[in-house]
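Sequential numbering from 24 applies to the first sequence in the working numbering. Heads up, the beta-carbon is just placed ideally off N, CA and C, and yes, glycines get one too. Bear in mind that the values here come from a model prediction, so they are computed numbers and not experimental data. Comments concern the structure below.
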Amino acid sequence: MNNQVKSITKKSDDISGWYNDVIEKAQLAEHGPVKGTIIFRPKGYALWEAIQKNLDIRIKDLGAQNAYFPLFIPYSYLQKEKAHVKGFSPELAVVTHGGGEKLKEPVVVRPTSETIMYEAYSRWIQSFRDLPLIINQWNNVVRWEKRPYYFLRTTEFLWQEGHSAHESNEDAQKMVENALKMYVDFYQSVLGIYGYAGKKSESEKFAGADSTLTYEMLMPDGKIVQGCTSHNLGQNFAKAFKVQYQDNKGQQQFVSQTSWGLSTRSIGALILTHGDDNGLVLPPQIAPTQVVIIPIVTKSSDHVSINRLARQAFEILEGNNIRVKLDDSDQSIGWKFNQYDLEGVPIRIEIGGREAQNQEVSIKLRSDKGRVITSILENVAEDVQNLLHEIQVIMFEKSKKFTLENTRQADNYDQFKEIMETSRGFIEAFWCEDPNCEAKIKEETKATTRCLPVNSIEANGECIYCKKSAKFRWLFGQSY
RNA sequence: CGGGGUGUAGGUCAUCGGUAGACCGCCGCGUUUGGGACGCGGAUGCAGUGAGUUCAAUUCUCGCCACCCCGACCA
24 MNNQVKSITK
34 KSDDISGWYN
44 DVIEKAQLAE
54 HGPVKGTIIF
64 RPKGYALWEA
74 IQKNLDIRIK
84 DLGAQNAYFP
94 LFIPYSYLQK
104 EKAHVKGFSP
114 ELAVVTHGGG
124 EKLKEPVVVR
134 PTSETIMYEA
144 YSRWIQSFRD
154 LPLIINQWNN
164 VVRWEKRPYY
174 FLRTTEFLWQ
184 EGHSAHESNE
194 DAQKMVENAL
204 KMYVDFYQSV
214 LGIYGYAGKK
224 SESEKFAGAD
234 STLTYEMLMP
244 DGKIVQGCTS
254 HNLGQNFAKA
264 FKVQYQDNKG
274 QQQFVSQTSW
284 GLSTRSIGAL
294 ILTHGDDNGL
304 VLPPQIAPTQ
314 VVIIPIVTKS
324 SDHVSINRLA
334 RQAFEILEGN
344 NIRVKLDDSD
354 QSIGWKFNQY
364 DLEGVPIRIE
374 IGGREAQNQE
384 VSIKLRSDKG
394 RVITSILENV
404 AEDVQNLLHE
414 IQVIMFEKSK
424 KFTLENTRQA
434 DNYDQFKEIM
444 ETSRGFIEAF
454 WCEDPNCEAK
464 IKEETKATTR
474 CLPVNSIEAN
484 GECIYCKKSA
494 KFRWLFGQSY
């Protein structure tokens, strides 16, 4: 036995080493041949499928229809909105040759689809009766990352992007708020990750938006992941792409637009938030396998009754819509235990000679190794359901507790700097909203504004940096 | 883009101026199985790439390419 090869870096020793290890050993992903690209292996893609499945329903509940727009965008489209092209230029992948010839106009691999979609919107929208138009697409986008990191920053990533057009800015604003609400609920109730919803600062908002809403989540190393975005685009793109409608008085009006997205970055946040030294820990709601049943047969045990009991338990759970797997492969018991720990399966059911004799099953929790619950077939579905629910709640509460414990107020810049040099996390501090102060703070501490939390209360404060008057405490932190 | 590192079996790495080895994994047979089982047998390599030095290069020198890590940049 050589544990050197099998063991994973401890999470507390070196979190990025741990993170890479877990991803590779749990076979979620590996690096692709081109820098910054990743191969989603089946177990990693299963997580994305689970996210898609859950979120797609919610997206449709917002009134969206799914569609698909092309990967290639004429370069000229991007140039139509000034802030947009300026923001994205440094990270574009541009195709200059095709079919063995140099292209007359270079083609951009989409970094996001506003431009190509809104060119179509300008033709599709003629009347106020065509509004609102709400379209979502599940696709891949490319942004040339100079410093890639599994899931959190990859050159190509998968996401959904929703794009809506409305008659009024009030409607658009309602849309971005609803989209944000959807994401917050998804993160909290499905992925079990606590965070702060709020508004981005001017310098952090989307290139081309009037305002951007976000959900910001604290990771165990004190750095922060932006979990989604929801942009109020105002009429910026409408004007650039002439997306106009005739109102009921016959007047030509520009539409008000929004876009909102959630990407495979969410998988990175999921791994970092819940994982431990034994590997992944998945919240039941998202776990592709919620329960694994492991029959434990020895030479002297009664194979027939063990296997029969395992099969019965499997069928009962499957019949109750629990995602269950029965592993009767010939790997050793220890191997299986470690393997499913690594994969993060929330519940393991062991059925061996003892269980067969007593006609019961032993239930063990991934997240709580000391705990063993015995159940009988008549109760197993209910017991498992209850445990899955309980695990889901506990995981979220743990994330919430950690985030709250690592959210600190700083009332002067020395305090602020000290927090950044030690524990990091979220810092609540008054800021005058001058981008110069923001830039200086970033330069000196690495902390950027993460958001102005929703429901922030206006007060008379002074900017942590320049001491001029400030109305709100913004959340600061170091971004991933 | 700057700094550092690495390219050798499917993976992690060792080796060494005389053309390659360990462990894990994989295949076969047998014994096993309540927290990563063991024995025996077996398969797997243009040593990233190009040049130079040399009788001889995986090894030394230089170039190139790629990837990884750290930093800067960043929807």
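Taking all protein chains shown into account, do 16 or more other C-beta atoms lie within 10 angstroms of the C-beta of residue i, making it buried, or fewer, making it exposed?
i, result
"residue 180", "buried"
"residue 435", "exposed"
"residue 389", "buried"
"residue 254", "buried"
"residue 458", "exposed"
"residue 147", "exposed"
"residue 109", "exposed"
"residue 313", "buried"
"residue 57", "exposed"
"residue 241", "buried"
"residue 247", "buried"
"residue 273", "exposed"
"residue 152", "exposed"
"residue 427", "exposed"
"residue 117", "exposed"
"residue 286", "buried"
"residue 83", "exposed"
"residue 432", "exposed"
"residue 24", "Only weak support exists for where residue 24 lies, its pLDDT of 30 falling under 50; the value from the coordinates is given anyway. With fewer than 16 Cβ atoms within 10 Å of its Cβ, residue 24 is classed as exposed."
"residue 371", "buried"
From the DSSP output, which residues share a beta bridge with residue i?
i, result
"residue 6", "The shown model of the chain, from 24 to 503, leaves out residue 6, and the question about it has no answer."
"residue 283", "185, 253"
"residue 219", "239"
"residue 317", "373"
"residue 349", "316"
"residue 246", "501"
"residue 268", "276"
"residue 307", "In DSSP, residue 307 forms no bridge with anything."
"residue 97", "130"
"residue 120", "125"
"residue 484", "493"
"residue 179", "165"
"residue 88", "158"
"residue 150", "269"
"residue 323", "According to DSSP, residue 323 bridges with nothing at all."
"residue 234", "255"
In three-state DSSP terms, what is residue i?
i, result
"residue 299", "strand"
"residue 173", "coil"
"residue 472", "strand"
"residue 77", "helix"
"residue 206", "helix"
"residue 453", "strand"
"residue 261", "helix"
"residue 288", "helix"
"residue 157", "strand"
"residue 211", "helix"
"residue 25", "Unreliable positioning characterises residue 25 in this predicted model, as indicated by a pLDDT of 35, which lies under 50. The coordinate reading is nonetheless provided below. The answer is coil: DSSP assigns residue 25 none of H, G, I, E or B."
"residue 133", "coil"
"residue 125", "strand"
"residue 45", "helix"
"residue 112", "helix"
"residue 328", "helix"
"residue 145", "helix"
"residue 39", "helix"
"residue 30", "coil"
"residue 229", "coil"
"residue 104", "coil"
Please give the ranges of any beta strand (DSSP E) in the region 357 to 408, keeping only runs that are unbroken, at least 3 residues long and fully inside the region. Runs found: 370 to 374, 384 to 388, 391 to 398.
Quick check: the region 162 to 181 against the region 128 to 142, are there 3 or more CB pairs under 8 Å? Segment contact: the region 162 to 181 against the region 128 to 142, three or more CB-CB distances shorter than 8 Å; contact assigned.
Say whether the region 389 to 402 touches the region 273 to 293, bearing in mind that this needs 3 or more beta-carbon pairs closer than 8 Å, one atom from each stretch. Cβ pair count under 8 Å is below three, so no.
Could I get the ranges of all uninterrupted alpha helix (DSSP H) runs contained in the region 411 to 444, with 4 residues as the minimum, in chain order? The region 411 to 444 contains, as complete alpha helix (DSSP H) runs of 4+ residues, the segments 436 to 444 (chain order).
Examine the Cβ distances between the region 42 to 52 and the region 61 to 69 and report whether three or more of them are shorter than 8 Å. Contact between the region 42 to 52 and the region 61 to 69 is present, with at least three C-beta pairs closer than 8 Å.
The region 270 to 282 contacting the region 120 to 127, beta-carbon criterion three pairs below 8 Å: The region 270 to 282 is not in contact with the region 120 to 127.
Does the region 182 to 195 come into contact with the region 451 to 471, if we say contact requires no fewer than three beta-carbon pairs (one atom in each stretch) closer than 8 Å? In short, these stretches do not touch, since the Cβ pair count stays below three.
For the structure I just gave you, are there three or more beta carbon pairs, one from the region 258 to 267 and one from the region 216 to 235, closer than 8 Å? Touching, yes, given that three or more Cβ pairs across the two stretches are closer than 8 Å.
Any chance the region 365 to 376 sits against the region 316 to 331, with 3 or more Cβ pairs inside 8 Å? Verdict: yes, contact present.
If you pair each beta-carbon of the region 477 to 492 with each one of the region 435 to 452, do three or more pairs fall below 8 Å? Taking a contact to require three or more Cβ pairs closer than 8 Å, the region 477 to 492 and the region 435 to 452 qualify as touching.
Counting pairs of Cβ atoms below 8 Å between the region 191 to 207 and the region 298 to 310, do you hit three or more? With the cut-off at 8 Å, the region 191 to 207 and the region 298 to 310 do not touch.
Tell me, please, whether the region 32 to 50 touches the region 302 to 311 by the rule of three or more beta-carbon pairs shorter than 8 Å. Three or more beta-carbon pairs drawn from the region 32 to 50 and the region 302 to 311 are found closer than 8 Å, and the two stretches are therefore classed as touching.
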